[in-house]
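Have a look at the structure below, then the notes.
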């Protein structure tokens, strides 16, 4: 099973700065708690041609996808129809979704709210404990509403159903005071070729007292231990000072962006 999932956040209001995305950081933590990572993240406007194109791209990839937003019944809620188009499926009234919406809203389900039961043919439902209007899945593509308070328990349900906990990746980092990134590229290339199972990162920065370089290796614990020992040996052979920065698991907390 894949160790990473993609994220699609849908909403023109996010791109225009009217709202800040609340899904990426929350979903990253939710995935990390079960040993998964974020493979990529797209922020897409409420424009049918762009949304269909990006959903087709996402559906063609190997990673499962969590998509947030655009499941309402207003003219700018295009996700249900665009997901059907991207998957090459007709949009049909889902009987169980219709039943849930009618039970929740009664006569007020018509004529607008009932449209939220029109889903890509063959979709399976994701229960919504907040207002009972379900999300849906198309295989490994999972679609949630844009409201974070709804999306969180719904995505937690999907994880519990389809993505069992796994051993998560770890990361180790070191700091090289005074090092220049460009001078170490051949060493980095040789190191990465020798350790294809790890993810390598290089983060140069400038300080008042000169340059410094932060290097990181991430992957399964045994691979990381072996790779970091080799990396430090190579760097010491170049006469470089090394400052360990410790371990950082894939569920390391980061500041909120909203």
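Residue numbers (my numbering): 24 to 281. Backbone N, C-alpha and C fix where the C-beta goes; we use that ideal spot for every residue, glycine too. As the structure is a computational prediction, the values presented were derived from the model and not from experiment.
Can the beta-carbon of residue i be found closer than 8 Å to that of residue j?
i: residue 64; j: residue 88; result: no
i: residue 268; j: residue 196; result: yes
i: residue 178; j: residue 167; result: yes
i: residue 52; j: residue 61; result: no
i: residue 199; j: residue 264; result: yes
i: residue 86; j: residue 27; result: yes
i: residue 55; j: residue 191; result: yes
i: residue 129; j: residue 194; result: no
i: residue 146; j: residue 116; result: no
i: residue 163; j: residue 123; result: no
i: residue 42; j: residue 96; result: no
So is residue i buried or exposed if we call it buried at 16+ other beta carbons inside 10 Å?
i: residue 142; result: buried
i: residue 228; result: exposed
i: residue 208; result: exposed
i: residue 90; result: buried
i: residue 231; result: exposed
i: residue 29; result: buried
i: residue 266; result: exposed
i: residue 260; result: exposed
i: residue 59; result: buried
i: residue 262; result: exposed
i: residue 275; result: Bear in mind that the predicted position of residue 275 carries a pLDDT of just 41, short of 50, making it too unreliable to give a figure here.
i: residue 213; result: exposed
Along the chain, where does the alpha helix (DSSP H) containing residue i start, and where does it finish?
i: residue 181; result: 171-185
What residue does the beta strand (DSSP E) around residue i start on, and which one ends it?
i: residue 197; result: 193-200
i: residue 209; result: That residue, residue 209, is in no beta strand (DSSP E); its alpha helix (DSSP H) goes 208-217.
i: residue 37; result: Counting along the chain, residue 37 falls outside any beta strand (DSSP E), though it belongs to the alpha helix (DSSP H) covering 35-38.
i: residue 149; result: 147-149
i: residue 144; result: Looking at the DSSP string, residue 144 is not in any beta strand (DSSP E), and its letter there is neither H nor E.
Next item on the list: Scan the stretch 41-100 and note each continuous alpha helix (DSSP H) run of 4 residues or more that stays entirely inside, going in chain order.
Entry: 46-55 and 71-83
Note to self: I want to know whether the stretch 239-253 touches the stretch 215-229 - three or more CB-CB distances under 8 Å.
What the structure shows: yes
Notebook entry, point to check: Is there contact here, the stretch 88-107 with the stretch 67-76, by at least three beta-carbon pairs under 8 Å?
Noted result: yes
Item checked: Whole beta strand (DSSP E) elements within the stretch 232-274, 3-residue minimum -> 233-242 and 266-272
Notebook entry, point to check: In chain order, which continuous runs of the beta strand (DSSP E) of length 3 or greater are located wholly inside the stretch 98-134?
Noted result: 114-116
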